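First up is the structure itself, then whatever we jot down about it.
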Amino acid sequence: MVDALVTLIVVLACLGALGVLAAARVVKQYERGVVFRLGRLRSDIRGPGFTMIAPFVDRLQKVNMQIVTMPVPAQEGITRDNVTVRVDAVVYFKVVDAAEALVAVEDYRFAVSQMAQTSLRSIIGKSDLDDLLSNREKLNQGLELMIDSPAVGWGVHIDRVEIKDVSLPETMKRSMARQAEADRERRARVINADAELQASKKLAEAASQMADTPSALQLRLLQTVMAVAAEKNSTLVLPIPVELLRFLEKGQQEIPAAARTESGAEGGAPADGPAAAPEREAAPAQSAQPAQPAQPARQAMPTLTEREPEPHTVER
């Protein structure tokens with residue numbers, strides 16, 4: 001009798017231990033437990049930690065409350081300006097209502113993935129190519145609103161949506177490269193033209209300044225000669241300075257004037273007044289004398305400005 005009682009107690013203890021093990025559940029910090037009793041949803045959501053359920057009656061399902069990173073497969077579509085592109089994205093979402101995520105939708109992950117793909121196709125068709133390439137922030141916000149609107153009823157909150165990559169056809173890439181190259185060339189030409197305009201203004205100011213001081217031209221010539229001589233040249237061409245030509249021309253013009261003055265002094269100039277009267281009376285007598293042969297007139301030498309200056313070469 002005692003042996004039977006001991007055996008019964010041991011059996012009941014084993015059954016109790018098995019029942020406790022069957023009823024004991026542990027919910028992690030980032031999870032929430034949803035209890036279904038005989039298929040009916042219980043209103044109490046089990047928090048993190050140790051919890052007990054009725055064995056063989058209750059069923060506990062755990063829902064992850066962490067932010068889920070879901071990549072959206074690349075979707076091919078045609079933009080509003082008739083360009084075929086291939087766009088992929090990534091969706092960040094989390095469950096805010098564990099009961100709704102299990103009851104309202106069969107598989108909330110699959111539902112969010114399909115909604116993201118259809119919304120991405122729709123946003124491609126409504127946008128231009130320039131918006132996809134440069135205005136992604138606005139497109140991300142629009143895509144987030146399109147996915148978050150139906151996901152609210154599923155107990156899911158869309159944290160953010162990001163467009164990762166936009167793949168273009170090779171022909172479109174070449175066209176965009178040519179366009180960018182042409183734009184850069186246009187800007188380069190505008191900059192060069194602006195630089196030429198500023199340089200011409202500075203040169204005009206320099207020319208007006210040099211016109212007041214002719215010696216500045218000589219200094220500029222010497223600077224040019226120094227710049228040319230700095231290079232490894234075998235022959236250096238030195239043009240004759242303009243000031244030297246003008247000096248020589250002035251000297252050539254003074255020679256005939258001096259000759260005319262000397263000839264006038266030798267022949268004697270007529271004097272005015274009473275003392276000159278005998279000389280006027282003696283003039284006919286002198287005219288009776290035989291005339292001396294006239295000396296040939298000196299030919300005027302051509303000025304250096306009329307002759308083309310020959311360049312002087314200096315061999316080094």
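In the working numbering, the protein residues as written are 1 to 316.
Don't be surprised by glycine CBs; every beta carbon is placed ideally from N, CA and C.
Small disclaimer: the values here were computed from a predicted structure and weren't measured.
Should residue i be labelled buried (16 or more other beta-carbon atoms within 10 Å of its own) or exposed?
i	result
Y108	buried
A98	buried
D3	exposed
V152	exposed
A177	exposed
S119	buried
D148	buried
V35	buried
V11	exposed
V112	buried
I78	exposed
I255	exposed
L129	buried
L143	buried
R37	exposed
A230	exposed
R46	buried
A89	buried
Which of the three DSSP states is assigned to residue i in this structure?
i	result
S215	helix
Q117	helix
F56	coil
Q253	helix
I78	strand
D3	helix
I158	strand
V96	coil
D194	helix
D44	strand
N140	helix
V105	coil
A230	coil
P278	Note that P278 scores 41 on pLDDT, short of 50, meaning its location in the model is unreliable and no value can be drawn from it.
A294	Confidence at A294 is low in this model, with a pLDDT of 46, below 50, so its placement is unreliable and the value that follows should be read with caution. Coil.
L8	helix
When DSSP builds the beta bridges, which residues end up paired with residue i?
i	result
D128	Answer is none; D128 lacks a bridge partner.
V225	Partner(s): none; V225 has no beta bridge.
S319	Since the first residue shown for the chain is 1 and the last is 316, residue 319 is missing from the structure and cannot be characterised.
N64	E31
T51	R25
T69	Y92
F320	With the chain represented from 1 up to 316, any question about residue 320 goes unanswered, as that position is not in the structure.
By how many angstroms is the C-alpha of residue j removed from the C-alpha of residue i?
i	j	result
I9	M65	44 Å
P214	R184	43 Å
R86	Q75	5 Å
L15	A22	10 Å
G33	K62	5 Å
V228	N192	25 Å
R136	E162	8 Å
P219	E196	Note on residue identity: the sequence assigns Leu, not Pro, to residue 219. Answer to the nearest angstrom: the Cα atoms are 24 Å apart.
I53	D44	12 Å
A101	D81	39 Å
L139	L132	7 Å
S127	R121	10 Å
Q141	P169	26 Å
A275	L217	Per-residue confidence for A275 stands at a pLDDT of 42, beneath the threshold of 50, marking its modelled position as unreliable; no derived number is given.
G125	A188	36 Å
A104	P150	11 Å
A206	M226	20 Å
V68	L145	18 Å
L203	Q252	34 Å
L5	F50	34 Å
R40	A24	20 Å
V72	A13	53 Å
L222	V190	34 Å
R246	A211	15 Å
T7	Q114	59 Å
S134	M70	24 Å
D165	S175	19 Å
D194	Q117	51 Å
T171	Q198	41 Å
K28	S167	42 Å
R42	P55	15 Å
T224	Q209	18 Å
K201	E249	33 Å
Would the segment 88-97 count as touching the segment 156-170 if we require 3 or more Cβ pairs under 8 Å? Enough Cβ pairs lie closer than 8 Å, so yes.
Validate contact between the segment 177-194 and the segment 143-156 using beta carbons, cut 8 Å, 3 pairs: Output reads no: the segment 143-156 does not touch the segment 177-194.
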